[in-house]
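Engineer:
Number of protein chains: 2
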Amino acid sequence: MPSEFELIARYFTRGTTHTTLGVGDDGALIAPAPGQELVISTDMLVEGTHFLPDTDAEDLGWKTLAVNVSDMAAMGARPRWATLAAVLPAPTPEWIEAFARGFFACAEEFGIDLIGGDTTRGPRAFCVTILGEVAAGKALRRSGAGLGDDIWVSGQPGRAALGLAHLQGRTVLAEPRRAECVAALQRPQPRVALGLALQGLATAAIDVSDGLLADLGHILEASRVSASVQVAVPSAPTLERDAWLSGGDDYELVFTAPPSCRSAIDALAGRLQLALTRIGTIAAGVAGAIDLRDAKGNSLAIRQRGYDHFPSPDA
Amino acid sequence: MPSEFELIARYFTRGTTHTTLGVGDDGALIAPAPGQELVISTDMLVEGTHFLPDTDAEDLGWKTLAVNVSDMAAMGARPRWATLAAVLPAPTPEWIEAFARGFFACAEEFGIDLIGGDTTRGPRAFCVTILGEVAAGKALRRSGAGLGDDIWVSGQPGRAALGLAHLQGRTVLAEPRRAECVAALQRPQPRVALGLALQGLATAAIDVSDGLLADLGHILEASRVSASVQVAVPSAPTLERDAWLSGGDDYELVFTAPPSCRSAIDALAGRLQLALTRIGTIAAGVAGAIDLRDAKGNSLAIRQRGYDHFPSPDA
Numbered sequence: 048m049p050s051e052f053e054l055i056a057r058y059f060t061r062g063t064t065h066t067t068l069g070v071g072d073d074g075a076l077i078a079p080a081p082g083q084e085l086v087i088s089t090d091m092l093v094e095g096t097h098f099l100p101d102t103d104a105e106d107l108g109w110k111t112l113a114v115n116v117s118d119m120a121a122m123g124a125r126p127r128w129a130t131l132a133a134v135l136p137a138p139t140p141e142w143i144e145a146f147a148r149g150f151f152a153c154a155e156e157f158g159i160d161l162i163g164g165d166t167t168r169g170p171r172a173f174c175v176t177i178l179g180e181v182a183a184g185k186a187l188r189r190s191g192a193g194l195g196d197d198i199w200v201s202g203q204p205g206r207a208a209l210g211l212a213h214l215q216g217r218t219v220l221a222e223p224r225r226a227e228c229v230a231a232l233q234r235p236q237p238r239v240a241l242g243l244a245l246q247g248l249a250t251a252a253i254d255v256s257d258g259l260l261a262d263l264g265h266i267l268e269a270s271r272v273s274a275s276v277q278v279a280v281p282s283a284p285t286l287e288r289d290a291w292l293s294g295g296d297d298y299e300l301v302f303t304a305p306p307s308c309r310s311a312i313d314a315l316a317g318r319l320q321l322a323l324t325r326i327g328t329i330a331a332g333v334a335g336a337i338d339l340r341d342a343k344g345n346s347l348a349i350r351q352r353g354y355d356h357f358p359s360p361d362a
Numbered sequence: 048m049p050s051e052f053e054l055i056a057r058y059f060t061r062g063t064t065h066t067t068l069g070v071g072d073d074g075a076l077i078a079p080a081p082g083q084e085l086v087i088s089t090d091m092l093v094e095g096t097h098f099l100p101d102t103d104a105e106d107l108g109w110k111t112l113a114v115n116v117s118d119m120a121a122m123g124a125r126p127r128w129a130t131l132a133a134v135l136p137a138p139t140p141e142w143i144e145a146f147a148r149g150f151f152a153c154a155e156e157f158g159i160d161l162i163g164g165d166t167t168r169g170p171r172a173f174c175v176t177i178l179g180e181v182a183a184g185k186a187l188r189r190s191g192a193g194l195g196d197d198i199w200v201s202g203q204p205g206r207a208a209l210g211l212a213h214l215q216g217r218t219v220l221a222e223p224r225r226a227e228c229v230a231a232l233q234r235p236q237p238r239v240a241l242g243l244a245l246q247g248l249a250t251a252a253i254d255v256s257d258g259l260l261a262d263l264g265h266i267l268e269a270s271r272v273s274a275s276v277q278v279a280v281p282s283a284p285t286l287e288r289d290a291w292l293s294g295g296d297d298y299e300l301v302f303t304a305p306p307s308c309r310s311a312i313d314a315l316a317g318r319l320q321l322a323l324t325r326i327g328t329i330a331a332g333v334a335g336a337i338d339l340r341d342a343k344g345n346s347l348a349i350r351q352r353g354y355d356h357f358p359s360p361d362a
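Protein chains in written order, with the numbering used here: chain A, 48 to 362; chain B, 48 to 362.
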């Protein structure tokens, strides 16, 4: 019977399409294309904090890579390579095989070579580092939002938070909403095509991992501006409203662009078959501040901008 | 009082010297020099498996980066950038500050920019991905060992394993041996200068992380050759002998080179003030096999090639 080590080697060693030297040496070798900058991001997923202990292995494999792909999307980069370090308690062969199936489904969907790995026994956690390419000087940063820019969001943020609330018994969703929200949580679809298409249109971008208002706040702080946001939500707090405003884990993109780009962005929405919604305007004022109003223009209190994976003990 | 999150941001956000965009966006941006390939490696350090729970925070910071730097050394690459993802239970400000001091001491020693990070609360673990540069086509791989090549090892492997045995009460070392072995365990010195100098001399290389025989075995398997190794060790098993042959965590380099390079390698040892010892010869025969003999030529049984962090439950 093969050891877990051998099983992991078997399931995670696959051919590469654009890598000089892949898994199996002290390091991988890649040769970025001339004129491209490399974009690098790393994320750790820890059981209990980032995923539920009973998450389906194949979904978990997908999501482990997908949340990193989303960082490439937010930079306007094309994801190209990834490494995976895993801490695992005592996986069954079936679990390893299913996790690998989900991970490589995402890798193939987005054209990513797995080029390095590491496995240790311990409490379940995964660390992916992803590398992408972007034409030199063309990356979308958080710091480029300008006064008067529109604020846009893709898709329907909040679905993942609702899916989580359903799975945790804090709400009951009816079909087809249930399936849609649970899928948003477990099989997030990183917006790579959108990020690439936003090069030359967007002035700043971020992906919604912590919550719409929290992540917009990161753009505002980096750009040293404030925002006026107007949304069609109920004025009284509801789970649905809070999920929309501050639910994390959706991996939609929030971005800013000058009003002159509106028709191009609307055309992009049609081409990508993806909702792109204008939710506000960049303003002067205190860096990071958000003036939130409902559809009638009434001021809304912000209860929580997002979810902090590492909250202060004295907060 | 600042939150842990703020403390981590404060201690781990430092200036960079060769990075287009560092920590603080969805990804970092780097521009590798023309004509260079990138070498990438990732390693996870988990408490209890890779370090003792009471390890000094500053030492742990150093080692977390140093073991990754060692992978660059083994590839003959110059380390340039790193990302750090940390899972931490509830660190004190003093702990964070000391860990950062050790981590950046290593980063500065080897000219590395920290370009990305991630923090989660949970059982202590660290994941570093390191990126280095090497002239295209010049990387040292495991697969290049040729028949008749000498086998060399740097420094004194086994000291880290002895240091661990001392700390665990399995042996008692006298000074100055104690200090030297504990330092080898807690402040390993990656052999970057040696790796760079071996370009054009060595045909294959690896760092000793799992144990001398285990890591030599990886070269033999990748190169599809066997080895004849002759060492000046007692014929009866002792802790010292086993540490030398199969103790991990030393981060010395094992490499192969044609006999025509002997004088150049001896000169290198002098220049680097580092012992470089010839321990055997590459031979034909079963790929991966090691014929181990003592100084008199008597055959020695191999009890264990190295330490497997993830042993098979049925092994």
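Every residue, glycine too, gets a C-beta built ideally from N, C-alpha and C. All values reported here derive from a predicted model rather than from experimental measurement.
Give a yes or no on whether 8 Å exceeds the smallest Cβ distance from His-356 (chain B) to chain A.
Structural biologist: Because the pLDDT at His-356 (chain B) is just 45, under 50, the model does not fix this residue reliably, and the value given afterwards should be weighed accordingly. So, interface residue.
Engineer: When the cut-off is 8 Å and only beta carbons count, does Ser-201 (chain A) lie next to chain B?
Structural biologist: no
Engineer: For the segment 118-151 of chain A, which residues have a CB atom closer than 9 Å to at least one CB atom of chain B, in sequence order?
Structural biologist: Asp-118, Met-119, Ala-120, Ala-121, Met-122, Ala-124, Trp-128, Thr-130, Leu-131, Ala-132, Ala-133, Val-134, Leu-135, Ala-137
Engineer: In chain order, what residues of the same chain lie with their CB nearer than 6 Å to the CB of Ala-269 (chain A), ignoring the 5 residues before and after it?
Structural biologist: Non-local C-beta neighbours of Ala-269 (chain A) in its own chain, meaning closer than 6 Å and more than five positions away in sequence, comprise Arg-189, Ser-190, ordered along the chain.
Engineer: Between which two residues does the beta strand (DSSP E) harbouring Pro-126 (chain A) extend?
Structural biologist: 125-135
Engineer: Looking at the unbroken beta strand (DSSP E) that takes in Leu-68 (chain B), where does it start and where does it end?
Structural biologist: Premise fails: Leu-68 (chain B) is in no beta strand (DSSP E) and is neither H nor E.
Engineer: Beta-carbon of Asp-341 (chain B) versus every beta-carbon of chain A: anything under 8 Å?
Structural biologist: no
Engineer: Looking only at its own chain, which residues have a Cβ that is under 7 Å from the Cβ of Gln-83 (chain B), when we skip the five neighbours before and after it?
Structural biologist: Glu-180, Val-181, Ala-182, Ala-183
Engineer: State the CB to CB distance for the pair Thr-89 (chain B) and Leu-76 (chain B), rounded to an integer number of angstroms; the pair is presumed to be in contact (CB under 8 Å).
Structural biologist: That pair is no contact at about 19 Å.
Engineer: So, does the CB of Ala-183 (chain A) fall closer than 8 Å to a CB anywhere in chain B?
Structural biologist: yes
Engineer: For a test of the three-state rule: what should DSSP assign to Thr-111 (chain A), helix, strand or coil?
Structural biologist: helix
Engineer: Under a CB-based cut-off of 8 Å, is Ser-88 (chain A) close to chain B?
Structural biologist: yes
Engineer: So with CB distances below 8 Å, who are the chain A contacts of Glu-84 (chain B)?
Structural biologist: Thr-67, Leu-76, Ile-77, Ala-78
Engineer: So if I threshold CB-CB distances at 9 Å, which residues from the segment 93-115 of chain A count as touching chain B?
Structural biologist: Val-93, Glu-94, Gly-95, Thr-96, His-97
Engineer: Within 10 angstroms of the Cβ of Glu-299 (chain A), are there 16 or more other Cβ atoms? Answer buried if so, exposed if not.
Structural biologist: buried
Engineer: What's the gap between the Cα of Asp-297 (chain B) and the Cα of Ala-120 (chain A)?
Structural biologist: Straight through space, the alpha carbons of Ala-120 (chain A) and Asp-297 (chain B) are spaced by roughly 40 Å.
Engineer: Any C-beta of chain A within less than 8 Å: which residues of the segment 161-175 of chain B qualify?
Structural biologist: So the close ones are Ile-162, Gly-163, Gly-164, Asp-165, Thr-166, Thr-167, Arg-168, Gly-169, Pro-170, Ala-172, Cys-174.
Engineer: On the DSSP letters alone, give me the boundaries of the alpha helix (DSSP H) that Ala-261 (chain A) sits inside.
Structural biologist: 259-270
Engineer: Would you be able to state if there are at least three C-beta pairs under 8 Å between the segment 154-169 of chain B and the segment 209-227 of chain B?
Structural biologist: No, the segment 209-227 of chain B is not in contact with the segment 154-169 of chain B.
Engineer: What does Ala-154 (chain B) reach in chain A if we use C-beta pairs closer than 9 Å?
Structural biologist: Near Ala-154 (chain B) there are no residues of chain A at all, since even the closest Cβ is about 16 Å away, more than 9 Å.
Engineer: In whole angstroms, give me the CA-to-CA distance for Asp-26 (chain B) and Val-114 (chain B).
Structural biologist: Within the shown structure, residues of chain B are numbered from 48 to 362, placing residue 26 (chain B) beyond reach of any answer.
Engineer: Taking only the alpha-carbon atoms, compute the straight-line gap between Ala-230 (chain A) and Leu-161 (chain A) and give it to the nearest angstrom.
Structural biologist: 24 Å
Engineer: Straight-line CA distance for Leu-243 (chain A) to Arg-125 (chain A)?
Structural biologist: 7 Å
Engineer: Tell me the DSSP bridge mates of Cys-174 (chain B)?
Structural biologist: B:Met-91, B:Ala-132
Engineer: Closest Cβ-Cβ distance between Asp-409 (chain B) and chain A: below 8 Å?
Structural biologist: Residue 409 (chain B) cannot be examined here, being either before or after the span of chain B that is shown, 48 to 362.
Engineer: Output the boundary residues of the beta strand (DSSP E) element that contains Leu-4 (chain B).
Structural biologist: The question about residue 4 (chain B) has no answer here: the residues shown for chain B are numbered 48 through 362.
Engineer: Do you know offhand how far His-356 (chain B)'s Cα is from Thr-96 (chain B)'s?
Structural biologist: Here His-356 (chain B) scores only 45 on pLDDT, less than 50, and its place in the model should not be relied on; the value that follows carries that caveat. Going from the Cα of His-356 (chain B) to the Cα of Thr-96 (chain B) covers about 7 Å.
Engineer: Is the beta carbon of Gly-108 (chain B) sitting closer than 8 Å to the one on Phe-59 (chain B)?
Structural biologist: Not a contact, by the Cβ cut-off of 8 Å.
Engineer: What residues in the segment 235-266 of chain B have a beta carbon less than 7 Å from any beta carbon of chain A?
Structural biologist: The segment 235-266 of chain B vs chain A, Cβ under 7 Å: Ile-253, Asp-254.
Engineer: Taking Phe-150 (chain B) as the reference, which of B:Arg-168, B:Thr-167, B:Phe-173 has the closest Cα?
Structural biologist: Cα-wise, what sits closest to Phe-150 (chain B) is B:Phe-173.
Engineer: Determine the chain B residues that contact Ala-56 (chain A) at a beta-carbon separation under 8 Å, and present them in chain order.
Structural biologist: Those within 8 Å of Ala-56 (chain A) in chain B number zero; the least Cβ separation is about 11 Å.
Engineer: Inspect the beta-carbon positions of Asp-196 (chain B) and Ala-316 (chain B) and report whether they are closer than 8 Å.
Structural biologist: no
Engineer: Give the DSSP-derived three-state secondary structure of Gly-157 (chain B) in the structure shown.
Structural biologist: The question names Gly, yet the displayed sequence has Phe at residue 157 (chain B). Looking at Phe-157 (chain B) - three-state DSSP - the assignment turns out to be coil, as it is neither helix nor strand.
Engineer: Which residue comes first and which comes last in the alpha helix (DSSP H) that contains Gln-233 (chain B)?
Structural biologist: 224-233
Engineer: DSSP three-state label for Gly-205 (chain A), please.
Structural biologist: Here Gly-205 (chain A) sits in coil by DSSP.
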